[in-house]
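*Asks:* Reminder that position 30 of the sequence shown reads as 348 in the numbering used here, one-by-one numbering, no gaps.
Every residue gets a Cβ at the ideal spot worked out from N, C-alpha and C, and that includes glycine.
Below is a structure I'd like to ask you about.
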Amino acid sequence: MDPIDKLREICMQFPEAHEKAFGGHDPPAFRVRDKMFAMVSTGDGHVSVWMKAGPGAQDVLVGGDPERFFVPPYVGKNGWIGVRLDAGGLQWGMIEDLVSDSYRMTAPKRLLKLLDEAGI
(Lines of atoms letter the chains of each structure in order from A and count residues from 1; the text may use other names and numbers.)
(Lines give C-alpha, C1' and ligand atoms only; values in the text may rest on other atoms or scores of the structure.)
Protein backbone atom coordinates (compact mmCIF):
# COMPACT_ATOMS: atom_id res chain seq x y z
CA MET A 1 0.00 0.00 0.00
CA ASP A 2 1.19 3.51 -0.79
CA PRO A 3 2.50 5.14 2.43
CA ILE A 4 0.33 8.24 1.97
CA ASP A 5 -2.76 6.06 1.54
CA LYS A 6 -1.85 4.08 4.68
CA LEU A 7 -1.31 7.31 6.63
CA ARG A 8 -4.65 8.63 5.32
CA GLU A 9 -6.35 5.46 6.57
CA ILE A 10 -4.83 5.98 10.03
CA CYS A 11 -5.63 9.70 10.26
CA MET A 12 -9.20 9.45 9.03
CA GLN A 13 -10.21 6.97 11.74
CA PHE A 14 -10.38 9.75 14.34
CA PRO A 15 -13.61 11.65 15.09
CA GLU A 16 -14.12 14.71 12.87
CA ALA A 17 -10.76 14.22 11.14
CA HIS A 18 -10.66 15.66 7.66
CA GLU A 19 -8.12 16.13 4.92
CA LYS A 20 -7.30 19.64 3.80
CA ALA A 21 -4.13 20.77 2.05
CA PHE A 22 -1.82 23.15 3.87
CA GLY A 23 -1.66 26.46 2.02
CA GLY A 24 -0.80 25.93 -1.63
CA HIS A 25 0.92 22.60 -1.04
CA ASP A 26 -0.21 19.42 -2.80
CA PRO A 27 0.61 16.79 -0.14
CA PRO A 28 -2.29 16.16 2.23
CA ALA A 29 -2.66 17.53 5.74
CA PHE A 30 -5.00 16.08 8.33
CA ARG A 31 -7.00 18.25 10.67
CA VAL A 32 -9.55 18.22 13.42
CA ARG A 33 -11.70 21.33 13.73
CA ASP A 34 -9.38 22.89 11.14
CA LYS A 35 -6.35 22.43 13.41
CA MET A 36 -3.60 20.36 11.87
CA PHE A 37 -2.45 17.19 13.62
CA ALA A 38 -0.47 15.59 10.76
CA MET A 39 0.87 16.70 7.41
CA VAL A 40 2.67 14.94 4.60
CA SER A 41 5.87 16.40 3.18
CA THR A 42 7.61 15.38 -0.03
CA GLY A 43 9.82 18.43 -0.53
CA ASP A 44 13.16 16.90 0.47
CA GLY A 45 12.98 13.86 -1.80
CA HIS A 46 11.46 11.68 0.96
CA VAL A 47 7.85 10.94 1.79
CA SER A 48 7.42 11.92 5.41
CA VAL A 49 4.79 12.92 7.93
CA TRP A 50 5.15 15.76 10.39
CA MET A 51 3.10 15.69 13.58
CA LYS A 52 2.91 17.00 17.12
CA ALA A 53 4.78 15.08 19.79
CA GLY A 54 4.71 15.18 23.56
CA PRO A 55 7.41 16.82 25.67
CA GLY A 56 10.75 15.07 25.25
CA ALA A 57 9.53 12.73 22.48
CA GLN A 58 11.37 14.65 19.77
CA ASP A 59 14.75 14.22 21.50
CA VAL A 60 14.18 10.52 22.22
CA LEU A 61 12.94 9.60 18.74
CA VAL A 62 15.43 11.65 16.73
CA GLY A 63 18.30 10.64 19.02
CA GLY A 64 17.34 6.97 18.85
CA ASP A 65 16.79 6.65 15.09
CA PRO A 66 17.97 9.71 13.11
CA GLU A 67 17.58 7.84 9.80
CA ARG A 68 13.81 7.61 10.35
CA PHE A 69 12.96 10.54 12.67
CA PHE A 70 13.96 14.17 12.25
CA VAL A 71 13.18 17.67 13.47
CA PRO A 72 11.04 19.24 10.73
CA PRO A 73 11.69 22.83 9.67
CA TYR A 74 9.36 25.58 10.93
CA VAL A 75 7.33 23.44 13.37
CA GLY A 76 10.18 21.44 14.90
CA LYS A 77 10.91 24.24 17.33
CA ASN A 78 7.42 23.58 18.76
CA GLY A 79 8.19 19.91 19.43
CA TRP A 80 6.82 18.43 16.19
CA ILE A 81 8.56 15.38 14.78
CA GLY A 82 9.10 14.19 11.25
CA VAL A 83 8.97 10.53 10.27
CA ARG A 84 10.26 9.26 6.93
CA LEU A 85 7.59 6.96 5.56
CA ASP A 86 9.79 5.68 2.75
CA ALA A 87 12.49 4.26 5.04
CA GLY A 88 12.76 0.48 5.21
CA GLY A 89 11.29 -1.51 8.08
CA LEU A 90 8.62 1.03 8.93
CA GLN A 91 6.47 -0.02 11.88
CA TRP A 92 2.95 1.20 11.15
CA GLY A 93 1.80 0.43 14.69
CA MET A 94 4.27 3.02 15.97
CA ILE A 95 3.13 5.53 13.36
CA GLU A 96 -0.48 4.95 14.43
CA ASP A 97 0.48 5.57 18.08
CA LEU A 98 2.32 8.79 17.18
CA VAL A 99 -0.58 10.04 15.05
CA SER A 100 -2.98 9.23 17.89
CA ASP A 101 -0.84 11.24 20.31
CA SER A 102 -0.79 14.17 17.90
CA TYR A 103 -4.56 14.00 17.40
CA ARG A 104 -5.09 13.91 21.19
CA MET A 105 -2.91 17.03 21.60
CA THR A 106 -5.03 18.83 18.98
CA ALA A 107 -8.64 17.69 19.37
CA PRO A 108 -11.12 19.28 21.77
CA LYS A 109 -11.96 17.42 24.99
CA ARG A 110 -15.41 16.37 23.76
CA LEU A 111 -13.83 14.42 20.90
CA LEU A 112 -11.23 12.88 23.22
CA LYS A 113 -14.07 11.57 25.35
CA LEU A 114 -15.50 9.84 22.26
CA LEU A 115 -12.11 8.23 21.61
CA ASP A 116 -11.88 6.98 25.17
CA GLU A 117 -15.43 5.60 25.06
CA ALA A 118 -14.64 3.78 21.80
CA GLY A 119 -11.37 2.45 23.21
CA ILE A 120 -9.25 4.03 20.49
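Considering Cα atoms alone, identify which of ARG402, TRP368, ALA436 is closest to PHE340.
*Replies:* Residue TRP368 is the option with its Cα nearest to PHE340.
*Asks:* State whether the segment 426-434 contacts the segment 398-405, with contact taken as three or more CB pairs (one from each stretch) at a distance under 8 Å.
*Replies:* Flag = no, the segment 426-434 and the segment 398-405 do not touch.
*Asks:* Would you kindly check if the distance between the Cβ of ALA371 and the Cβ of SER420 is under 8 Å?
*Replies:* A contact, by the Cβ cut-off of 8 Å.
*Asks:* Within the same chain, show all residues whose beta-carbon is closer than 8 Å to that of TRP410, passing over the 5 residues directly before and after it, in chain order.
*Replies:* Correct list, in chain order: LYS324, ILE328.
*Asks:* Which class does ARG422 belong to by DSSP, given the choice of helix, strand or coil?
*Replies:* In the structure shown, ARG422 sits in a helix (DSSP, three-state: H, G or I).
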